[in-house]
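Student:
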Amino acid sequence: MTDAGKTQANHDEFVAKSFQDLALARSFFRYFLPAEILEQVDLERIALEQGSYVDEELRRSYSDLNYTVPLRDSSAPEGSCRAYIYILVEHKSESDEFTVFQLLRYMVRIWQRELENANYRAGFRLPPIVPLVLHHGRTEFRAPVELGGLVVKMSGTGAFVPNYRCLLIDLMKVSAEELPQSDPRLHAVLSVMRSVFNEEISGTLRDAVTRLAAVMDRPETRDTLTTILGYVLQSASKMSDADFLTAIKPLGKVGEDTMSTLIEKWKEEGREEGIEKGIEKGIEKGIEKGRWEGRIADRQDSIIDVLSTRFETVPEFVRQGIRRISDADRLVSLTATAVRCDSVEQFAENLPSRT
163 MTDAGKTQAN HDEFVAKSFQ DLALARSFFR YFLPAEILEQ VDLERIALEQ
213 GSYVDEELRR SYSDLNYTVP LRDSSAPEGS CRAYIYILVE HKSESDEFTV
263 FQLLRYMVRI WQRELENANY RAGFRLPPIV PLVLHHGRTE FRAPVELGGL
313 VVKMSGTGAF VPNYRCLLID LMKVSAEELP QSDPRLHAVL SVMRSVFNEE
363 ISGTLRDAVT RLAAVMDRPE TRDTLTTILG YVLQSASKMS DADFLTAIKP
413 LGKVGEDTMS TLIEKWKEEG REEGIEKGIE KGIEKGIEKG RWEGRIADRQ
463 DSIIDVLSTR FETVPEFVRQ GIRRISDADR LVSLTATAVR CDSVEQFAEN
513 LPSRT
């Protein structure tokens, strides 16, 4: 697996792509929100706001999603005809003791914007915010979930010190059996998030593929599959390329087409990144030589691993032919060929002639 997946950007992108799908978001809320709240909101008309409230310096550890949802009570006072469901996603290895305080700051920013938009009009009331923390780390969440847990106790001040509680969804405490079984896409997304850091990811991906294959006739399932496979390839450091190939094998042509889509996407992103760095550094490729050579070797190894998994034996001349190729785009294309070819001999036809 490539080390590029260890960056924060991959986690953010996975969460954003998954939960901007409003059908999946609705399923998530129906499963995790208290029944009393669900009775009062119209999830069919939920909308996702653009932008983030997280401080720039904290975006290496947090990302957020803010949804608006109408209230069913038409008699609600002005400003309260809708509510917000705000999700703060924590991607840290260990829980941050002050997460609940950070969350309060972001809630206040939402309310501040509401007041400003209403020009502080008399009679205006702030919409309720349902605050969720989705903990996505390597260990369980151990920080306070109530603001009062961060404040020194003082007799007689209980009525004067602000306090609130967030709804915590700790993926490290949720077993695969406790994840929503009725929605294959949501189960697949959450189970992959839960296991991406550990050795369980191979089995988790196989299970996710099986669940998604059962509903592959739905257009949205293909999008979820693409998002999951891209995330696993870039983020699951404890999963080998061979295990990945085994996991997606039941998908057949769907898996091959999805991989081709991802490869083309990464090729284009690689070109754009190279151009951007070239402008910044004044060089054509903008990639440090040692790092580049390391990536080339990783790509070569990945192709050989794929062929070994599919056909068991990879002749030495094929291995040497792969090693002679140092063009990144060519290696990306050969990865797709390794997945699709019917034999090692067919793959070898794409290699440069031996001299």
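First residue of the sequence shown: 163, per this note's numbering; consecutive thereafter. Cβ coordinates follow ideal geometry from the N, Cα and C atoms, glycine included.
1) Using the beta-carbon count (16 or more within 10 Å), is glycine 392 buried or exposed?
2) For aspartate 332, count neighbouring Cβ atoms within 10 angstroms of its own Cβ and tell me buried if that reaches 16, exposed if not.
3) If distances are taken between C-alpha atoms only, which option among Ala321, Leu294, Lys335 comes closest to arginine 304?
4) Span of the beta strand (DSSP E) holding alanine 370?
5) Do proline 289 and cysteine 243 count as a contact pair if the criterion is CB distance below 9 Å?
6) If you reduce the DSSP assignment to three classes, tell me which class histidine 297 lands in.
7) Could you name each continuous beta strand (DSSP E) segment of 3 residues or more that falls completely within the stretch 311-335, going from the start of the chain to the end?
8) If you follow the alpha helix (DSSP H) that serine 344 is part of, which residue opens it and which one closes it?
9) Can at least three beta-carbon pairs, one atom from the stretch 339-350 and one from the stretch 256-271, be found at a separation below 8 Å?
10) Starting from tyrosine 393, follow the alpha helix (DSSP H) in both directions and report where the run begins and ends.
11) Kindly list the residues whose CB is nearer than 7 Å to the CB of alanine 166, restricted to its own chain and excluding five residues on each side of it in sequence; keep chain order.
12) Using a Cβ-based criterion (distance less than 8 Å to any ligand heavy atom), does arginine 492 qualify as near the ligand SAH?
13) Measuring alpha carbon to alpha carbon, tell me which residue in Thr497, Glu426, Arg287, Tyr215 is nearest arginine 267.
14) Suppose the cutoff is 6 Å on Cβ atoms and the five residues either side in sequence are ignored; what does the same chain contact list for phenylalanine 359 look like?
15) Tell me the rounded alpha-carbon separation between arginine 502 and alanine 178.
16) Does valine 231 come out as helix, strand or coil in the three-state DSSP assignment?
17) Less than 9 Å separating the beta-carbons of valine 203 and alanine 171?
18) To the nearest angstrom, report how far apart alanine 187 and isoleucine 199 are at their CA atoms.
19) Given this structure, state the Cα-to-Cα distance separating alanine 500 from glutamate 426, to the nearest angstrom.
20) Can you tell me the Cα-Cα spacing of leucine 348 and leucine 233, whole angstroms?
21) Answer yes or no: do isoleucine 249 and valine 295 have a C-beta to C-beta separation smaller than 9 Å?
22) Kindly list the residues whose CB is nearer than 8 Å to the CB of leucine 184, restricted to its own chain and excluding five residues on each side of it in sequence; keep chain order.
23) Which of the three DSSP states is assigned to leucine 277 in this structure?
24) Between the C-alpha atoms of arginine 380 and leucine 195, what's the straight-line distance to the nearest angstrom?
25) If we ignore side chains and look at the alpha-carbon of each, how far apart do valine 354 and alanine 510 end up?
26) Taking the alpha helix (DSSP H) that arginine 192 belongs to, which residues open and close that run?
27) Using three-state DSSP, classify arginine 246 as helix, strand or coil.
28) In chain order, which beta strand (DSSP E) runs of at least 3 residues are fully inside the stretch 447-502?
29) CB alanine 398 to CB aspartate 369, shorter than 9 Å?
30) Is DSSP giving isoleucine 291 helix, strand or coil here?
31) Could you tell me the distance, in whole angstroms, from the CA atom of glutamate 308 to the CA atom of leucine 493?
32) Which residues bound the alpha helix (DSSP H) around phenylalanine 406?
33) Can you check DSSP and say which residues form a bridge with serine 225?
34) Going by C-alpha to C-alpha distance, which of Thr372, Asp463, Ala376, Ala459 sits closest to alanine 404?
35) Sort Glu175, Ser515, Asp385 by Cα distance to glycine 417 and report the nearest one.
36) Looking only at its chain, what residues have a beta carbon closer than 7 Å to the beta carbon of threonine 389, apart from the 5 residues adjacent to it on each side?
Tutor: Looking at the atomic coordinates:
1) Numbered from its first residue, the sequence shown carries residue 392 at position 230. Classification of glycine 392: buried, given that the 10 Å Cβ count is 16 or more.
2) In the sequence shown, the residue the question calls residue 332 occupies position 170. Classification for aspartate 332: buried.
3) Here residue 304 is taken as the residue at index 142 of the sequence shown, counted from 1. The candidate whose alpha carbon is nearest that of arginine 304 is Lys335.
4) Here residue 370 refers to the residue found at position 208 of the sequence shown. Looking at the DSSP string, alanine 370 is not in any beta strand (DSSP E); the run it does join, the alpha helix (DSSP H), is 363-375.
5) As a first step, residue 243 is located in the sequence shown; it is residue number 81 there, counting from the start. As a first step, residue 289 is located in the sequence shown; it is residue number 127 there, counting from the start. Going by C-beta atoms, cysteine 243 is nearer than 9 Å to proline 289.
6) In the sequence shown, the residue the question calls residue 297 occupies position 135. Strand, per DSSP.
7) 329-332
8) Sequence index remark: in the sequence shown, residue 344 carries index 182 (1-based). Serine 344 -> no alpha helix (DSSP H), and no H or E assigned at all.
9) no
10) Within the sequence shown, residue 393 is the residue found at index 231, counting from 1. Tyrosine 393 -> alpha helix (DSSP H) spans 381-397.
11) For the purposes of this step, residue 166 is taken as residue 4 along the sequence shown, with counting starting at 1. In this predicted model, alanine 166 has a pLDDT of only 36, less than 50, meaning its place in the structure is not dependable; the value taken from the coordinates is given anyway. Gln396, listed in sequence order.
12) Only the bare structure without any ligand can be found here, which leaves the ligand SAH out of the picture.
13) As a working note, residue 267 is residue 105 in the sequence shown. Comparing Cα-Cα distances from arginine 267 to each of Thr497, Glu426, Arg287, Tyr215, the minimum goes to Tyr215.
14) Taking the sequence shown and counting its residues from 1, one reaches residue 359 at position 197. Correct list, in chain order: Arg300.
15) Looking up residue 502 in the sequence shown gives position 340. Looking up residue 178 in the sequence shown gives position 16. Cα-Cα distance, rounded: 30 Å.
16) In the sequence shown, residue 231 corresponds to position 69, counting from 1. The answer is strand: DSSP assigns valine 231 an E or B state.
17) On the sequence shown, position 41 is the one that residue 203 refers to. On the sequence shown, position 9 is the one that residue 171 refers to. Not closer than 9 Å, so no.
18) Numbered from 1 along the sequence shown, position 25 holds the residue referred to as residue 187. Numbered from 1 along the sequence shown, position 37 holds the residue referred to as residue 199. Rounded to whole angstroms, alanine 187 to isoleucine 199 spans 15 Å at the Cα level.
19) Position 338 of the sequence shown holds residue 500. Position 264 of the sequence shown holds residue 426. One C-alpha to the other measures close to 15 Å.
20) In the sequence shown, the residue the question calls residue 348 occupies position 186. In the sequence shown, the residue the question calls residue 233 occupies position 71. Between leucine 348 and leucine 233, the C-alpha separation is close to 25 Å.
21) Within the sequence shown, the letter at position 87 stands for residue 249. Within the sequence shown, the letter at position 133 stands for residue 295. In contact: isoleucine 249 and valine 295 (Cβ atoms closer than 9 Å).
22) As a first step, residue 184 is located in the sequence shown; it is residue number 22 there, counting from the start. Ile208, Ala209, Leu210, listed in sequence order.
23) Residue 277 sits at position 115 when you count from the first residue of the sequence shown. DSSP places leucine 277 in helix when its eight states are reduced to three.
24) Translated into the one-based positions of the sequence shown, residue 380 becomes position 218. Translated into the one-based positions of the sequence shown, residue 195 becomes position 33. Using only the alpha carbons, I get a separation of about 26 Å.
25) Taking the first residue of the sequence shown as position 1, residue 354 is located at position 192. Taking the first residue of the sequence shown as position 1, residue 510 is located at position 348. Taking the straight line joining both Cα atoms gives about 35 Å.
26) For the purposes of this step, residue 192 is identified with residue 30 of the sequence shown, where counting begins at 1. 184-194 is the span of the alpha helix (DSSP H), which, as asked, contains arginine 192.
27) As a working note, residue 246 is residue 84 in the sequence shown. The amino acid at residue 246 is misidentified as arginine; the sequence shows tyrosine. Strand at tyrosine 246.
28) none
29) For this step, residue 398 is matched to residue 236 along the sequence shown. For this step, residue 369 is matched to residue 207 along the sequence shown. Their beta carbons are not under 9 Å apart, which means alanine 398 does not touch aspartate 369 by this criterion.
30) In the sequence shown, residue 291 corresponds to position 129, counting from 1. Note: isoleucine 291 maps to strand in three-state DSSP.
31) The count along the sequence shown starts at 1 and reaches residue 308 at position 146. The count along the sequence shown starts at 1 and reaches residue 493 at position 331. For glutamate 308 and leucine 493, the distance between alpha carbons rounds to 51 Å.
32) Counting from one through the sequence shown, the residue named residue 406 turns up at place 244. 403-410 is the extent of the alpha helix (DSSP H) around phenylalanine 406.
33) Your numbering for residue 225 matches position 63 in the sequence shown. For serine 225, which the question treats as bridged, DSSP gives the partners Val251.
34) Looking up residue 404 in the sequence shown gives position 242. Of Thr372, Asp463, Ala376, Ala459, the residue nearest in Cα terms is Asp463.
35) By one-based count along the sequence shown, residue 417 stands at place 255. Nearest of Glu175, Ser515, Asp385 to glycine 417, Cα basis: Asp385.
36) Residue 389 sits at position 227 when you count from the first residue of the sequence shown. So the qualifying residues of the chain are Phe176, Lys179, Ser180.
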